[in-house]
Amino acid sequence: MKAPPLEFHKPDTVEAAIAVLADSGGSARILAGGQSLVPMLNLRVAYAKTLVDIGAIRELAAIEDAGGYIRLGAGVSHARIEDGEADGHCSGMLRHVARNIAYRAVRNRGTVGGSLAHADPAADWPVAMIALGADVEVSGSNGNRKLSVEEFMVDVFTTALQEDEILTGICVPKASPDLLWSFQKMRKKSGAFGEAIAAVVHDPESGFCRVVAGSSAIGGPHRLAVLETALQEGAVDDGAIQDALTQTIGSLGRYEMQIHTVCLRRAIEEVRT
Amino acid sequence: MTTLSLTVNGRQVSTDIDPRLNLADFLRERLSLKGTHLGCEHGACGACTVLMDGMPIRSCITMAASCDGVEITTVEGYDGDKLMARLRKAFREEHALQCGYCTPGMLATAYDIVSRLDRPDENEIRAELAGCVCRCTGYRGIVRAIERCIAEKSA
């Protein structure tokens, strides 16, 4: 299958990209690494009259130490994070997450911002970034705004981005060197999307604690606040995990309940030991 | 139409293209480089893997228009490359191919594994290869060929 006819723009500034988006009346889509969007265009399950390729916007490729947080430009590839360019923060969690996304050929093109903006419920970065308490920076015709990744991820394939807005960067707070984290993914084959994903982050120094699960079956990343409290108070058993899943997501099939429970249990146990 | 200017196998190419064209079709249909094979056309099989600026990428899910200014190496473009010569010899001798459809993508991926990673063991090699599908060999020969090139590298 091939992509349908489309217009192609490759602006070299964020402002120029916003101008194309604003002119398109909602028919333009941003093309970052294209590792999800292009196959979806090829299979005709996504539609774009205009593609705005942001690969030439240099500021989107920067990784900066910004004091209290590390700022990843939205166009930073998974491979660069895998190779350690964002190391020194989050005790290796960013690198671990990046290394386990798809395949190297995909990681060379796919970007952290693209993953968040695409909002696939089975994607890794939305789960990981919510667990780390990261924020996103967004630019549009009406200026810039900053919001948490949790607020940014609205629903399945839906974000808080307006038609004329572009995700420019992700701000990941610096954690103490004692940060405890676990990222668990259940999949049948290396490189495949997770059928269940669980991330737990606990910073004993600051008391920051997040438990997040994601997958297509549960419709995207969900924080399990009950488990965050329980984890800090003592042991968490499978019954508590199942109750939290049911309470947050609703009823799940037996298989889905089982794999999400196991993923969460493994993640919680890894952080507690 | 949109203009595209890039280097393919050391040759400078400047042309107008239909913006919906993917890189694999551009290489095959416009440059007659038929060594790049299309299997699934949605990034799942790895047959179309080529090197972009020395890094493996999937040409079926890369828009040609995104490739302005880059350097592409296809399976036809490794003249005089010592590592690729070793890989080809090892693939031949270890029976790492049968029908050959996946081989261009396997070679580009193997080239990356041997040059980027220090001393990957069999499990790492298999994990790195997971994005490339071969329906003939059962992978054993491909893994052996890559293991041989890694052993030669650090010998």
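Residue numbers (this note's numbering), protein chains in the order written: chain V, 4 to 276; chain H, 22 to 176.
Backbone N, C-alpha and C define an ideal beta-carbon position, used for all residues, glycine too.
Per DSSP, cross-strand counterpart(s) of residue i
i	result
I163/H	I163/H is not bridged to any residue.
G201/V	Position check: residue 201/V holds Ala in this sequence, whereas Gly was assumed. Partner(s): Q187/V and A216/V.
N43/H	M84/H
Q33/H	T28/H
G143/V	G146/V
F155/V	For F155/V, which the question treats as bridged, DSSP gives no partner whatsoever.
I66/V	L75/V
A169/V	Checking the sequence shown, residue 169/V turns out to be Ile, not Ala. Paired residues: S142/V.
E10/V	T53/V
I38/H	T23/H
Whole-angstrom distance between residue j and residue i, CA atom to CA atom
i	j	result
G159/V	H225/V	The residue you asked about is not Gly; residue 159/V is Val in the sequence shown. One C-alpha to the other measures close to 11 Å.
C180/H	G126/H	Limits of chain H in this structure are 22 at one end and 176 at the other, which puts residue 180/H out of reach.
T276/V	L230/V	16 Å
A131/H	I167/H	6 Å
L54/V	L44/V	11 Å
H116/H	T158/H	8 Å
Q245/V	V100/V	25 Å
P77/H	V135/H	12 Å
L42/H	G37/V	13 Å
R147/H	H63/H	21 Å
R79/H	A195/V	16 Å
D90/V	S53/H	43 Å
V109/V	F211/V	32 Å
L164/V	A120/V	8 Å
I73/V	L234/V	27 Å
S118/V	S39/V	8 Å
P207/V	P180/V	10 Å
D138/V	K149/V	7 Å
K103/H	G56/H	19 Å
D89/H	L27/H	5 Å
A51/V	D26/V	14 Å
M105/H	E149/H	18 Å
D127/V	V239/V	24 Å
H12/V	L183/V	43 Å
C81/H	V34/H	19 Å
T249/V	E236/V	21 Å
L25/H	E50/H	15 Å
T161/V	R165/H	45 Å
V152/V	G162/H	45 Å
Simplified DSSP state of residue i, which is helix, strand or coil
i	result
D240/V	coil
K149/V	strand
P180/V	coil
C81/H	helix
G117/V	helix
F160/V	coil
L44/V	helix
Y72/V	strand
L54/V	strand
M73/H	strand
C174/V	strand
E168/H	helix
T95/H	coil
E115/H	coil
R277/V	Since the displayed chain V opens at 4 and closes at 276, residue 277/V lies outside it and no answer follows.
R226/V	strand
S254/V	coil
S193/V	coil
Selected residue, minimal CA-CA separation from residue i, among the options
i	options	result
G172/V	I57/V, E10/V, C266/V and L227/V	I57/V
R107/V	L25/H, L138/H, G101/H and Y122/H	L138/H
C174/V	A6/V, A31/V and L63/V	L63/V
D39/H	K5/V, G29/V, A19/V and A89/V	K5/V
E166/V	R32/V, T16/V and P14/V	R32/V
T232/V	A220/V, P176/V and V204/V	V204/V
A19/V	E168/V, M189/V, A126/V and A69/V	E168/V
K192/V	N103/V, S209/V and D138/V	N103/V
R107/H	Y122/H, A172/H, T95/H and C61/H	A172/H
G31/H	M73/H, R51/H, T24/H and T23/H	M73/H
G146/V	R213/V, V274/V and I21/V	I21/V
A134/V	G256/V, G143/V, M96/V and V141/V	M96/V
C266/V	D86/V, V48/V and Q187/V	Q187/V
I221/V	A82/V, E140/V, R257/V and R269/V	R257/V
A45/H	Y160/H, Y99/H and G67/H	G67/H
P176/V	D15/V, I262/V and S209/V	S209/V
Any non-hydrogen atom of the ligand HEM within 8 Å of residue i CB
i	result
G71/V	The ligand HEM is not part of the structure shown, which contains no ligands of any sort.
Handout entry: Cβ-based contacts, 8 Å cut-off: residues of the region 98-114 of chain V near chain H
Key = A105, Y106, R107, A108, V109, N111 and R112
Practice task
Return the residues of the region 76-88 of chain H that lie within a Cβ-Cβ distance of less than 8 Å from chain V, sorted by chain order.
Solution key: M76, P77, I78, R79, C81, I82, T83, M84, A86 and S87
Practice task
Using a Cβ-Cβ cut-off of less than 7 Å, give me the residues of the region 147-161 of chain H that come near chain V, in sequence order.
Solution key: A148, E149, A151 and G152
Practice task
Determine which residues of the region 97-126 of chain H have a Cβ less than 7 Å from any Cβ of chain V, and write them out in chain order.
Solution key: none
Problem - Chain-ordered residues of the region 185-202 of chain V with a beta carbon less than 9 Å from chain H - result: K192, S193, G194 and A195
Handout entry: Contact residues within the region 71-100 of chain V, judged by C-beta distance below 8 Å to chain H
Key = A82
Problem - Cβ-based contacts, 8 Å cut-off: residues of the region 53-64 of chain H near chain V - result: E62, H63 and G64
Exercise for the section: Select from the region 11-39 of chain V all residues with a C-beta closer than 8 Å to any C-beta belonging to chain H, and list them in chain order. Expected result: F11, K13, L34, G37 and Q38
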